[in-house]
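Participant:
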Amino acid sequence: MSDHLTPELWGFILDWLPARPARVLDIGCGDGSLTRRLIGEGYDATGLDPDAPREEGYLRDTLEAFRSTATFDAAVAVRSLHHLHDPVRALDNLQALLRPGGRLVAFEFAVEHLDDAARRWLAAEGVAPPVSEPGVDEVIPLGELRAELEQRLDVLASEPSTYLAREGGREDLVAKEEAAVLAGILRPAGMRLAYERLADSKG
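Using our numbering, the first residue of the sequence shown is number 24, and each one after it goes up by one.
(1) Just list the beta strand (DSSP E) runs in the stretch 87-136, keeping only unbroken ones of 3 residues or longer that don't cross its boundaries, in chain order.
(2) Along the chain, where does the beta strand (DSSP E) containing Asp177 start, and where does it finish?
(3) Roughly how far, in whole angstroms, is the beta-carbon of Arg126 from the beta-carbon of Ala217, given that I think they are within contact range, below 8 Å?
(4) Apart from the five residues just before and just after Val197, which ones in its own chain have a Cβ nearer than 7 Å to its Cβ?
(5) Pull the bridge partners of Glu219 from the DSSP assignment, please.
(6) Does the stretch 202-210 come close enough to the stretch 113-124 that 3 or more CB-CB pairs lie under 8 Å?
(7) Excluding the 5 residues preceding and the 5 following Asp109 in the sequence, name in chain order all residues of the same chain whose CB lies nearer than 6 Å to its CB.
(8) Take the Cβ of Gly70 as the centre, count every other Cβ of all protein chains shown within 10 Å, and call the residue buried at 16 or more, exposed below.
(9) DSSP state of Ala170, grouped into three classes?
(10) Per DSSP, Val47 is paired with what?
(11) Closest to Gly51 by C-alpha separation, out of Ala97, Leu107, Thr29, would be which residue?
(12) For Asp74 and Leu221, I'd like the C-alpha separation in whole angstroms.
(13) Kindly indicate the opening and closing residues of the alpha helix (DSSP H) around Val204.
(14) Three-state secondary structure (DSSP) at Leu82?
(15) Could you tell me the alpha carbon to alpha carbon distance between His105 and Arg193, rounded to whole angstroms?
(16) Pick from Arg90, Thr85, Thr29: whose alpha carbon is nearest that of Arg60?
(17) Assign Ala100 to buried or exposed, taking buried as 16 or more other Cβ atoms, counted over all protein chains shown, within 10 Å of its Cβ.
(18) Within the continuous alpha helix (DSSP H) that includes Val74, where are the two ends?
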């Protein structure tokens, strides 16, 4: 999702991806903008999404159902894993798709941090909340998602991040959200994550 590909997030992705020309799966690629950017950086990237572009380098499928005879060196997931319909099946499949030592780099939404303080802040700034209530719109809480990931992959990095302003399409409020997080008014609603499949993980 290019609207969330800030310099910080892009730098995080590049820092944790294997060396070019690694084979990378872009999970939930949407319009394919991140896939194209990865290809432009020298990666052998494939975009995966039920609504992926109908062109070479993209696959119209879900993470739950996708199968490949070859493994990937890495996967990237920007704002997509919390929408998984069957996280156990999807993440089992992701583990099998990654080669031993393969990495997952993700940017995720902590829906459980969308509390009363966050709603008041959003209302005061005239921004609609990303979802109406935790658990609505099939959004998986970040704590549950991380627990599932950590049963399958080794944690390399986790960095709190802002999320609400960008999700609401208000780039002008990002600095204000960052200040509110630093002041303890808001809990960070985003998280940058990196994982690695261990060599002895079973696919």
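Ideal placement from N, C-alpha and C gives every residue a C-beta, glycine not left out.
Facilitator: Inspection of the coordinates gives the following:
(1) Taking only runs of at least 3 residues, the beta strand (DSSP E) segments lying wholly in the stretch 87-136 are 95-101, 121-132.
(2) Segment 177-184, the beta strand (DSSP E) holding Asp177.
(3) Correct: roughly 6 Å between the Cβ atoms.
(4) Counting only residues of its own chain and dropping the five nearest sequence neighbours on each side, Val197 has a CB closer than 7 Å to the CB of Thr185, Ala188, Arg189.
(5) According to DSSP, residue pairing for Glu219 in a beta bridge involves Arg126, Asp177.
(6) The stretch 113-124 is not in contact with the stretch 202-210.
(7) Excluding sequence neighbours, Asp109 sits near Glu87.
(8) Gly70 sits buried, since 16 or more C-beta atoms from the chains shown fall within 10 Å of its C-beta.
(9) Ala170: helix per DSSP, three-state reduction.
(10) Ala68, Ala97.
(11) Minimum Cα distance to Gly51 is reached at Leu107.
(12) Their Cα atoms are separated by approximately 31 Å.
(13) Element bounds for Val204: 197-205.
(14) It is a strand residue.
(15) If I take the Cα positions, the gap works out to 21 Å.
(16) Checking every option, the nearest Cα to that of Arg60 belongs to Thr29.
(17) By the neighbour-count rule (16 or more Cβ atoms within 10 Å), Ala100 is buried.
(18) Looking at the sequence shown, residue 74 is not Val but Asp. First-last for Asp74: undefined, no H or E at that position.
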